[in-house]
Amino acid sequence: MTSKAILLALCLPCTTAIASTTADTAIWQYRVQAGDTLWSLASQHLLSPSYVPMLQAQNHIANPYKLPPGSVLNIPYAWVKQDVADAVLDDMSGKVGAQGRNGATLNLVRGQHYPSGTRFSTGSDAMLRLKFQDGSTLVLNANTTLTLENQAYYPSTGAIQSQSQLDQGSTGSSVIPNLLMPSRYRIQTPSAVTTVRGTEFRVRSESREDTAAEVLRGKVNVLGQQGEVDVPAGFGSRGTSGNGQPVALPVAPALNGLPQSSEFNPPPLRWQAAAGETGYHLSINQSSSSQALLLERDSASAAFFPPLAQNGKYRLTARAINAAGLQGFDSQREFTLRAHPLPPLLVASLGPQQQRGQSFTLRSSADASHPAWLQVARDPGFQQLLFDGRVAQPSLTLKLPAQGAWHWRAASIADDGALGPYSDAQTLVVTGWLVLPDIRPDALATRRYPLPDARYTLSLRRAGQAGAPLLQLTSDQPLWPLRDLPRGRFAVTIHIDDNNGYHAEEQYPSLDLP
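Residue numbers are given in the UniProt record's numbering: position 464 of the sequence shown equals residue 464, and the series is strictly consecutive.
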């Protein structure tokens, strides 16, 4: 295993911080204010006045009562007043856990304090956010294990010292700059030590030999086997690529072409990839709670198909990944899912259906337990409505007042009375008795998905029976001729797939096939 240290520092105009990779040798560079003496400094900031002689000698001060305003004193952090500090659980979602120093399982409660030695873990699609005494935060992303080590608070300055061990996974940190005394914030992985004083950054333990550091604000000093290099904000470093040299982070992806709403679940989220984007790190949150993580994935393509539990507003966060494997700046978009309840299954045809008579019969999966809302209109925009009402039976016949084209569609009604998405619009052409109609075979139909190469697989099971499907048929169209289907009462499942990894499953209540 190679040894490597990464030092991150925010350059502040009024004070600077110089630190080694160990906390014991860290130096606070204090800028002298008018009226300061070594004794007043000791009274306010140091553990004991006994440090005054050592502080005087270390800084070559002739008179401890006369300090030039604006001069800088080097004060070891170890001499500064400090209290033992805890981390507070600020937020969490998904499967998370914690163990005490003795290995005992701890209950996780928002607002509760957790001391040094606590080991936190997150599962798939989970997150946990800790807040420290100075307001800085540490987010554990999915599949991450981190142990709190030394945690100290400097009460006279409001600064903190936080040390943590990241065994696996990734973290995101936002460290609040302290203008008087820079806080020291360190995350150690099996292959690197990252020390921070006022910045926003991410650390990932890719393997025991590889740590990725990505800096969004602040400054990085990388000290590794290849030497020492400064990494400015907007750049990152990988332990096993590019000899640790800084690489520009990808800009926030534009997400051009991303839909604002979807009536399909999973929503087929696609956008246009930009040059240099080799992949994406993607996450989904409910828009009402930006930190309540629902899903987190990496994708090699400019697409994301997140299966979501219910209708609502969601937020997609995407960051591009470059050829070095570094993740860039976040881009966020909100979208609305309105996919439930599913439209009813229909008996329809491929293309417009023709008939001589002026009666229209709707046959669908609607019944008293699963009612639907039917619209029949003269125009394809459904503005000139002939019928606009509830249907609670599998078959309904309406009298059409005239010949010509009629358009119809149906949506399911939710328990709260809200309508789900409509089915594909169907067309019925009444030709009259003097014209020979083009009669197309009836088919069991579902809606078409907005996928260029979609495949639809119909599975039928006898109602009330488990086991393998009685029949499975795959088609590139979302309908199956009734002549190819058995008669009887069936539970229906439809699988929708494409060539790019999309998969959806629609389950319908039992219906009778004639």
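Note that beta-carbon positions come from the ideal geometry of N, C-alpha and C, so glycine has one too. Given the structure is predicted, the values throughout are model-derived calculations rather than measurements.
Can you round the beta-carbon distance between residue i and residue j to whole angstroms, since I take them to be within the 8 Å contact cut?
i	j	result
residue 46	residue 81	7 Å
residue 74	residue 58	6 Å
residue 542	residue 356	Because the chain is modelled from 1 through 514, residue 542 falls outside the range shown and cannot be assessed.
residue 202	residue 327	7 Å
residue 205	residue 185	About 17 Å separates the two Cβ atoms, so there is no contact after all.
residue 148	residue 116	5 Å
residue 350	residue 395	Not quite, the Cβ-Cβ distance comes to about 21 Å (not below 8 Å), so this is no contact.
residue 42	residue 49	5 Å
residue 146	residue 165	7 Å
residue 178	residue 152	With 8 Å as the limit, residue 178 and residue 152 do not qualify as a contact, their Cβ atoms being about 13 Å apart.
residue 392	residue 367	7 Å
Tell whether a beta-carbon distance below 9 Å holds between residue i and residue j.
i	j	result
residue 360	residue 433	no
residue 272	residue 252	no
residue 110	residue 92	yes
residue 521	residue 485	Here the chain covers residues 1 to 514 and nothing more, so residue 521 does not appear.
residue 282	residue 249	no
residue 33	residue 85	no
residue 171	residue 143	no
residue 209	residue 190	yes
residue 280	residue 299	yes
residue 182	residue 39	no
residue 192	residue 211	yes
residue 264	residue 450	yes
residue 325	residue 238	yes
residue 353	residue 448	no
residue 167	residue 296	no
residue 154	residue 130	no
residue 135	residue 176	yes
Got a sec? Which residues, its chain only, sit under 6 Å from residue i by beta carbon, not counting five neighbours each side?
i	result
residue 505	495
residue 508	345, 365, 492
residue 378	384
residue 500	none
residue 386	376
residue 180	157
residue 112	89
residue 16	Caution applies to residue 16, whose pLDDT of 31 falls short of 50 and renders its modelled position unreliable; the value that the coordinates give is listed next. 29, listed in sequence order.
residue 257	271, 272
residue 498	451, 453, 454
residue 311	337, 338, 340
residue 200	174, 216, 217
residue 473	458, 480
residue 511	365
residue 95	123, 126
Spatial neighbours of residue i within its chain, please: CB distance less than 7 Å, with the 5 preceding and 5 following residues excluded, ordered by chain position.
i	result
residue 412	341, 342, 343, 344, 370, 372, 420
residue 475	456
residue 348	426, 443, 445, 479
residue 64	37, 38, 39, 52, 56
Enumerate in chain order the residues of its own chain whose CB-to-CB distance from residue i is below 8 Å, with the five nearest sequence positions on each side excluded.
i	result
residue 267	259, 305, 306, 308, 335, 337, 339
residue 285	291, 292, 293, 294, 314, 315, 317
residue 330	252, 317, 318, 319
residue 406	360, 376, 377, 378, 386, 400, 427, 428, 429, 430
residue 23	Low confidence applies here, because residue 23 scores a pLDDT of 43, under 50, leaving its location unreliable; read the following figure in that light. Correct list, in chain order: 77, 78, 150, 161, 163, 184, 186.
residue 403	358, 430, 431, 432
residue 425	380, 382, 407, 408, 409
residue 70	31, 32
residue 321	250, 277, 278, 279, 280, 281, 298, 327, 328
residue 470	460, 461, 462, 486, 490
residue 36	67, 69
Which residue or residues does DSSP assign as beta-bridge partners of residue i?
i	result
residue 304	269
residue 114	87
residue 395	363
residue 285	293, 315
residue 122	96
residue 411	373, 422
residue 507	493
residue 480	444
residue 334	315
residue 74	29
residue 456	475, 496
residue 262	337
residue 65	Looking at the DSSP assignment, residue 65 forms no beta bridge with any residue, so it has no partner.
Consider the Cβ of residue i: report whether some Cβ of chain B lies at a distance smaller than 9 Å.
i	result
residue 334	Of the protein chains in the structure, only one exists, and it is not chain B.
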